[in-house]
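*Asks:* Just so we're aligned: the sequence shown equals residues -19 to -1, 1 to 245 in mature numbering (1 follows the signal peptide of the UniProt record, and there is no 0).
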Amino acid sequence: MKHIILLLSSLFWLGAASATESPNAQVLLMGSFHFANPGLDAVKTETVDVMTPAHQEYLVALAERIAATKPTKVLLEYNRDDEDKINRQYQEYRAGSFELPVNEIYQIGFRVARLAGLSRVYSFDERTVNWRAEDLFNYMGEHAPQEKQKFEARIAEITEKLNHVHATLSLQQQLRYFNGPELDRANMAMYLATNHLGAGKSFVGADASASWWHRNFRMYAMIQHHAAPGERVFVLGGQGHTAILRQLLALDPSRDSLDINTLL
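1) Given 8 Å as the limit, is there contact between the stretch 162 to 169 and the stretch 110 to 122, that is, 3 or more CB pairs closer than that?
2) Below 8 Å on the Cβ atoms is my guess for Val29 versus His147; work out the distance and round it to an integer in Å.
3) Any idea if Thr33 is buried or exposed, counting beta-carbon neighbours within 10 angstroms, 16 or more meaning buried?
4) Would you say Glu85 and Phe16 are within 8 Å of each other, going by their C-beta atoms?
5) Where does Val146 sit, in a helix, a strand or coil, going by DSSP?
6) Alpha carbon to alpha carbon, how far is Ser238 from Ala231? Give it in angstroms, no decimals.
7) Compute the beta-carbon to beta-carbon distance between Leu156 and Leu245, rounded to the nearest angstrom, for a pair I have assumed lies under 8 Å.
8) With DSSP collapsed to three states, give me the class of Lys54.
9) If you compare alpha carbons, which of Lys129, Tyr87, Glu80, Glu123 is closest to Leu217?
10) Mapping the DSSP letters down to three states, classify Arg236 as helix, strand or coil.
11) Going by DSSP, what residue range makes up the alpha helix (DSSP H) through Val31?
12) If you follow the beta strand (DSSP E) that Gln7 is part of, which residue opens it and which one closes it?
13) Could you tell me whether the Cβ atoms of Glu107 and Arg199 are closer together than 8 Å?
14) Which residue marks the beginning of the alpha helix (DSSP H) containing Val185, and which one marks its end?
15) Could you tell me if Gly221 is buried or exposed, where buried requires 16 or more neighbouring beta carbons within 10 angstroms of its beta carbon?
16) In three-state DSSP terms, what is Gly179?
17) Quick one: measure Cβ to Cβ for Ala6 and Gly211, integer angstroms, because I've assumed they're closer than 8 Å.
18) Less than 8 Å between the beta carbons of Ile204 and Phe79, yes or no?
Right, dumping it as structure tokens:
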């Protein structure tokens, strides 16, 4: 027994030492609603005006707090085909000749990158695979109309909740909600609600769910690519992605997750 206790004690101290001397990349992951809401998500909410003086004051202060963590890279959710265009805009912003549009990649991402003294930003998005919703909805319409009604009711419930959040909470409170466990669970549970459809035959439900996870696994691969040992990476994405990415980051032994909620 004494030898077992000594062994466990040694393992504890080895673990503590490795934690304090960890070469792992540090990843600060932030989820957001889309400031310039394009209406492409299944859950379609009202647009929040982030350009009001009060909201702008908060966003500037938020960017300062995030930049104070000294990120070495900033990863944003935009089409990788636009990499050159976005970085031209960023260079203009650094030079003081570009007015920030409404989108969160500008309002938060550009501000953080400039305050951190970074020469560029990076896309971590992946759009060649996406949620296979069409096959799923066609199947439900033909074979499972009750399931379709339940799914649409679930989307309506989430939409109503988010519209209430947008209408009644401050921008700070909204972003805290979008980075909290309640919305993460609701987001992922939405895909599990239809996962069983076609089980044993077409697996249309599971294939639709897997297609969404497929996109997010690719997005996480981009995070892994940039978050090499010694890097401190700030990642800003839509909450529908960060709900899943946060789970992957928590399981990744080569990267340490920093809590965005301490900065919001």
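The C-beta atom is built at its ideal place from N, Cα and C for all residues, glycine as well.
*Replies:* For this structure:
1) no
2) 5 Å
3) Counting every other CB atom within 10 Å of its CB across the protein chains shown gives Thr33 a total below 16, marking it as exposed.
4) For Glu85 and Phe16, yes; Cβs fall inside 8 Å.
5) helix
6) Rounded to the nearest whole angstrom, the CA to CA distance from Ala231 to Ser238 is 7 Å.
7) 5 Å
8) strand
9) Tyr87
10) strand
11) Val31 -> no alpha helix (DSSP H), and no H or E assigned at all.
12) 6 to 13
13) yes
14) 185 to 207
15) buried
16) coil
17) 7 Å
18) no
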